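Inspection log for the structure reproduced underneath, given as structure tokens.
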Amino acid sequence: MKIKCMMNSDEPPCEACKLTSRDCKFEHVGVKREKPPSVREVEQLKRKIAQLEAVLIRLRPQIDLSLLPRTNDQAKTMANALQDTSSSHPPDPQISLLTKI
């Protein structure tokens, strides 16, 4: 027998699952999944990145853009390296260039 979970409170289990002693599989109504970006949005972001990279090159021609982080993990690693080098070691010249932007 199929019973639809009916949430009457903020916490599971719902009333129907309590009455039938079943595991509550309720999914909150109104929670929307984030849709993936459209091809158009991706292209717009790529153009924006290219524009920002061009600005960086004009401001600091000596910057090697290949050293810029491309993922969240790379960005976190770079941020941690910046914190570490500023407190205990002489800074890496490429990282120093990035911080002067």
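For the sequence shown, full-length UniProt numbering assigns the number 1 to the initial residue and increments by one for each residue that follows. Note that CB positions come from ideal geometry on N, CA and C, so glycine has one too. Computed from a predicted structure; not experimentally measured.
Residue i to residue j span [Cα, whole Å]
i, j, result
"Leu59", "Glu53", "10 Å"
"Ile63", "Leu56", "8 Å"
"Thr20", "Asp73", "46 Å"
"Lys48", "Arg70", "15 Å"
"Ala16", "Cys24", "9 Å"
"Pro61", "Lys46", "21 Å"
"Glu41", "Arg33", "18 Å"
"Asp84", "Leu65", "22 Å"
"Glu43", "Gln51", "12 Å"
Residue range of the alpha helix (DSSP H) that includes residue i
i, result
"Gln51", "Val39 to Leu59"
"Cys17", "Glu15 to Thr20"
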